[in-house]
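J.: Here the protein sequences come in this chain order: X and D.
In terms of the working numbering, the first sequence opens at residue 13 and continues consecutively.
In terms of the working numbering, the second sequence opens at residue 34 and continues consecutively.
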Amino acid sequence: MALGSTSDRSLDLFLQALSLALTPMAIGAIGLGALVGLIFGSTPGLTFTVALALALPMTFSMDPVPAMGLLLGTYIGGMTGGSVSAILLGIPGTPSAAATVLDGHPMTKQGEASIALGTAVIVSVFGGIFSLAVMVVSVDLVSKLAIGFGPAEIFALVLFGMSTICGLCGDSLLKGLIAGVLGLMVMTIGIDTIEGVPRMTFGSVNMLQGVNLLVALIGVFAIPFVIEALSEDKNAHSQNTRVIRVKVELPKIRLLIRNAWLMVRCSILGTGIGAIPGAGGPIASFLAYDHAKRFSKKPERFGKGNIEGVIAPETANNAVTGGTLIPLLSLGIPGDPATAIVLAGLMIHGITPGPALFMNYASEVYGIYVAVVLAYIWVLGLQLVGIRIFVHVLKIPREMLALTVLVLCAVGAFSIRNSAFDIYAMGVIGVLAYFLIALRVPITPIILGMVLGPTLENEFRTAMMLSNGNIDVFYTSPTVLIFFTLALLVIGLQLKSELTRKTKHQDN
Amino acid sequence: MTFQTIFKNSLIAAISSIVIAFGGAVQAEYPEKPVDMTVLFGGTANTIAQLLSELMSDELGQPIVPVSRTGGGGAVGYSHVVGTAPDGYNIVWNSNSISTTHHTGRVEFDYTAFTPIARVSTEIPALAVNASTGWTNLDDFASGVSAMDGKLKVGISGKGSFTHLTSAALFDAMGLADKVAYISYGKGKAPVELLAGRIDAAIQWPGQFASYVESGDLNVLAVTGSERVGVLSEVPTAQEQGVDVDISMWRGLAAPAGTPIAAVEKLQAAAQAAVASDAFQEASKNIGFSPAFLNATDFGTLIESDDAFYGALLQRLGLAK
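Below you can see the structure in the form of structure tokens.
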């Protein structure tokens, strides 16, 4: 009987939600958000966090559901758009798209840009809707599990995420580890929030703000691209244009069906990691990439333009969007700066996240669910048209493209915190990254170190404070042990394959 | 001297004489261009700033543009504004952070580098515990903590953060300073950590606790200001329960010292009208802050007395430089 009445109530709520979310105003707001998010996400240098900050004041005078639709549309459009410049230019639009560069960009060089882009958007939509469905069904359960993730557990998860550096090292494990440590070191600059003291700032007020992750991301990927393009030999240049053929061809259904199981696995992974407060998109996409490579029949094809290397991170990072809604709505914890702005949008409309949200604002919450689905429909439609336009970027002469990217990146770096310091920071980091690439040091581990470093350090220290300096916490919790074991497994397997490769090398 | 430099110099001379001649008129017409408002923090500070600037723009007839310059606990934004011309076109959405950034040695200058314009809002911290403790007021809390073997784990946003200072002042006043261990978290996680039982108590903003109080998971024992808070109106203040503390986070507007009085007065009037508006009052309920307009003079007195208080508190906590 109880069951019957609950489902009646849900149906009722669902119908109410539809009437809230299917107004022309709401559909238009979601579409506008998706478009703006896609543009900001796909333009190198511009980030969708900035787009969200610009959209926030516009929502003040709107009704709650269109307002949330605008913000969620921007968020989802941005998350999906981040893969565009990652694939076309090798410059990820968001930290979550950094893993997509590894195989997406080589696909472009092989003339398969449109297939990579098409696949990316389709699997993104799949991951996003999958995670939303999981969220709707299990928000109570998952948020209870998520509460169990204390500092020690999150530390262990992040450490597991760090272990994927092993799989991203290219030809030298040592160089990969150096890169990872460089990333970790960069992020110690600025005010340490735990003790409230400045570190590595050399007495400069500007250094107090530290290195912004997005600024560093732009620097590491975009500046080497610009330097390379501008210093290219003219003769080599003509050869390059020949290699990059521009054709518009969408992925075949067969390709997607063949990878359906991979998509499901990566969706589960993304949703789970999104649900853990404070973990976030980049861990999910790197873990998904690593896992796809490890379980692939031909792991040696990864990094050379394997479509699975696009499917895995793109499914996972959009599956995070549904996952993050769980701590956002049920606990009021934003996973990253972008969701923090979505949270502000909720608050100003009086929708206070927390356990009471589902009692007081059930129809709005269901309206948000519908808005997310609509946002994905918009993104799919816009992007399938957009691909036809985007691929023509490749026809632009490299040096002109490079200059455009440079200007956009300077504007983008400035706009994140309205700080001229960030433009210089981007330049310095970019030039250093260029030299590291010249020394054949892989740069993806730098990004991983920068993304995960602050969480890794802060969670470790908070865990130690909680246990009063007792190291017990790291082996008494089963969750912690599971993640530690997984991390060891990844490291062990990597060492083993490294050794076999070396022996083979000697045999030859 | 080339023709160009002569031409340029005479042009500059001509323009400056015009400016001097019409100086009075120009000042009377303030504002004649958009006003840049530096916002020091994200989250609630940013949300209120966005709304306030929209409402004030309507009053002033020129847009007030909120520009986020975050980092260093406010140090980056304050340093920017101190370096701008005191002409009324650069203002800062400030808070108690002017005292903490100065006393912790992050910036050389202190509150006297700014001219106060108006206080706009206050946010009053609240002390919460897990409902399973059974504590419902400060007396229960004090006796419970005194009877504990170890130390009480109190979640804060970070050493020297506002929640840390409030906690320290409250537990000092209750005589519990030695029974407390502070655990630093990132922002916003305290309610969850309380729920999971990893910490015993936390001082955060009432809005963060409201939903958990309604669901019966957390008990809020007191608010630390001199008045009760709208969203948790049944929770008494610490003073009502016999503990002498009065701490609240204020936010307001300030401009670089030396900004013309006329500009300050216009901005003050616009802020007053914005705070009184229905839109602002409505938003305050949703976001969980109190509209609290105070004119420039009274605001100045408040900043001065607060600065002495936080200076002494930071000194005692060993965080002052």
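Heads up, the beta-carbon is just placed ideally off N, CA and C, and yes, glycines get one too.
Within 8 Å of any Cβ in chain D, is that where the Cβ of X:Arg211 sits?
T.: Cβ-Cβ to chain D under 8 Å: no for X:Arg211.
J.: Are any of the Cβ atoms in chain X nearer than 8 Å to that of D:Ser194?
T.: Chain X contact via Cβ: present.
J.: Run through DSSP, which three-state label would X:Thr253 get?
T.: In this prediction, X:Thr253 scores a pLDDT of 48, lower than 50, which makes its location untrustworthy; the coordinate-derived value is nonetheless stated afterwards. In the structure shown, X:Thr253 sits in a helix (DSSP, three-state: H, G or I).
J.: I need the boundaries of the alpha helix (DSSP H) containing X:Tyr301, first residue and last residue.
T.: Looking at the DSSP string, the run of the alpha helix (DSSP H) that includes X:Tyr301 is Gly293 to Phe307.
J.: Within its chain, find whatever has a CB closer than 7 Å to the CB of X:Asn224; leave out the 5 residues flanking it on each side and keep chain order.
T.: Cβ neighbours of X:Asn224 beyond the five flanking positions: Ile428, Arg429 and Asp434.
J.: Whole angstroms are fine: how far does the CA of D:Val262 sit from the CA of D:Ala58?
T.: Reliability of the predicted coordinates at D:Ala58 is poor, the pLDDT of 46 falling under 50, and the value obtained from them is presented with this limitation in mind. Their Cα atoms are separated by approximately 45 Å.
J.: Answer with yes or no whether the minimum CB distance from D:Leu228 to chain X is below 8 Å.
T.: Closer than 8 Å: yes.
J.: Opposite D:Pro289 in the DSSP bridges: which residues?
T.: Its beta-bridge partners are D:Phe147.
J.: Rounded to the nearest angstrom, what separates D:Asp205 and D:Ser190 at their Cα positions?
T.: Going by the C-alpha atoms only, they are around 19 Å apart.
J.: What does X:Asn430 reach in chain D if we use C-beta pairs closer than 7 Å?
T.: Going along chain D in sequence order, the residues near X:Asn430 (Cβ under 7 Å) are Val100, Ser101 and Arg102.
J.: Could you check where the beta strand (DSSP E) with X:Ile265 kicks off and where it finishes?
T.: Segment Ile265 to Arg270 is the alpha helix (DSSP H) holding X:Ile265; no beta strand (DSSP E) there.
J.: Along the chain, where does the alpha helix (DSSP H) that runs through X:Pro346 open and close?
T.: It is not in any alpha helix (DSSP H) - X:Pro346 carries neither H nor E in the DSSP assignment.
J.: Is the CB of X:Ile206 under 8 Å away from at least one CB in chain D?
T.: True, the Cβ-Cβ gap to chain D drops below 8 Å.
J.: With C-beta atoms as the reference, is X:Ser509 less than 8 Å away from X:Leu343?
T.: Their beta carbons are not under 8 Å apart, which means X:Ser509 does not touch X:Leu343 by this criterion.
J.: Given that a residue counts as buried once 16 or more other Cβ atoms are within 10 Å of its Cβ, and exposed if not, what is D:Gln348?
T.: Looking at its Cβ environment, which holds fewer than 16 other Cβ atoms inside 10 Å, D:Gln348 is exposed.
J.: Examine the Cβ distances between the region 323-335 of chain X and the region 125-139 of chain X and report whether three or more of them are shorter than 8 Å.
T.: Flag = yes, the region 323-335 of chain X and the region 125-139 of chain X touch.
J.: Suppose you measure from the CA of D:Gly177 to the CA of D:Gly258; what does that come to, to the nearest Å?
T.: In a straight line, the C-alpha of D:Gly177 is about 23 Å away from that of D:Gly258.
J.: Where does D:Phe55 sit, in a helix, a strand or coil, going by DSSP?
T.: Confidence is the limiting factor: at D:Phe55 the pLDDT is only 48, short of 50, which leaves the residue's position unreliable, though a coordinate-based value still follows. Three-state DSSP puts D:Phe55 in coil, outside helix and strand.
J.: Please name the residue, chosen from X:Arg21, X:Gly43, X:Ala33 and X:Gln28, that lies closest to X:Ile389 on a Cα-to-Cα basis.
T.: Nearest C-alpha to X:Ile389: X:Gly43.
J.: So, under 8 Å CB-CB, X:Gly94 and X:Gly105 are touching, yes? Tell me the CB distance rounded to an integer number of Å.
T.: Right, their Cβ atoms sit about 4 Å apart.
J.: Measure from the alpha carbon of D:Ala303 to the alpha carbon of each residue in D:Arg152, D:Thr137 and D:Asp277, then state which is nearest.
T.: Considering only alpha carbons, the answer is D:Arg152.
J.: For X:Pro36, count the other beta carbons within 10 Å of its own beta carbon; 16 or more makes it buried, fewer makes it exposed. Which is it?
T.: X:Pro36 should be labelled exposed.
J.: Drop a sphere of 10 angstroms on the beta-carbon of X:Met359, count the other beta-carbons inside from all chains shown, and report buried for 16 or more, exposed for fewer.
T.: Buried is the call here.
J.: In whole angstroms, give me the CA-to-CA distance for D:Trp283 and X:Val148.
T.: Using only the alpha carbons, I get a separation of about 39 Å.
J.: Measure the alpha-carbon distance for D:Leu335 versus D:Leu350 and round it to whole angstroms.
T.: Taking the straight line joining both Cα atoms gives about 22 Å.
J.: Return the residue from the list X:Gly215, X:Arg313, X:Ser175 and X:Ala475 that minimises the CA-CA distance to X:Met119.
T.: Out of X:Gly215, X:Arg313, X:Ser175 and X:Ala475, X:Arg313 has the C-alpha closest to the C-alpha of X:Met119.
J.: Figure out for me which residue from X:Pro365, X:Thr488 and X:Ile353 has the closest Cα to the Cα of X:Leu341.
T.: With distances taken between Cα atoms, X:Leu341 lies closest to X:Pro365.
J.: Run the proximity test for D:Asp311: is its beta-carbon closer than 7 Å to any non-hydrogen atom belonging to the ligand MN?
T.: In terms of ligand content, the structure shown is empty, and the ligand MN therefore cannot be addressed.
J.: Return the chain-ordered list of same chain residues with a C-beta closer than 6 Å to the C-beta of D:Asp340, the five sequence neighbours on each side being excluded.
T.: Within the same chain, D:Asp340 has close Cβ partners Ser132 and Tyr144.
J.: Where DSSP assigns a beta bridge to D:Ala161, which residues make up the other side?
T.: DSSP, once it has assigned bridges, lists D:Ala235 and D:Val253 as partnering D:Ala161.
J.: Counting Cβ pairs, one atom from each stretch, are 3 or more of them under 8 Å apart for the region 284-295 of chain X and the region 333-340 of chain X?
T.: Flag = yes, the region 284-295 of chain X and the region 333-340 of chain X touch.
J.: Taking only beta-carbon positions, decide if X:Val255 is within less than 8 Å of chain D.
T.: A caution first: X:Val255 carries a pLDDT of 48, below 50, which makes its placement in the model unreliable, though a value can still be read off. Output row for X:Val255: interface = no.
J.: Using only CA atoms, which one of D:Asn123, D:Glu298, D:Asp211 and D:Glu62 lies nearest to D:Ser383?
T.: This structure leaves residue 383 of chain D out entirely; chain D is present only between 34 and 354.
J.: Could you compute how far the alpha carbon of D:Trp354 sits from the alpha carbon of D:Pro149?
T.: Note on residue identity: the sequence assigns Lys, not Trp, to residue 354 of chain D. So the alpha carbons of these two residues sit roughly 25 Å apart.
J.: I'd like to know if D:Asp233 contacts chain B, where contact means its C-beta is closer than 8 Å to some C-beta of that chain.
T.: No chain B is part of this structure, whose protein chains are labelled X and D.
J.: Short check: CB of X:Ile206 to CB of X:Gly222, under 8 Å?
T.: In this structure, X:Gly222 does not lie closer than 8 Å to X:Ile206 by Cβ.
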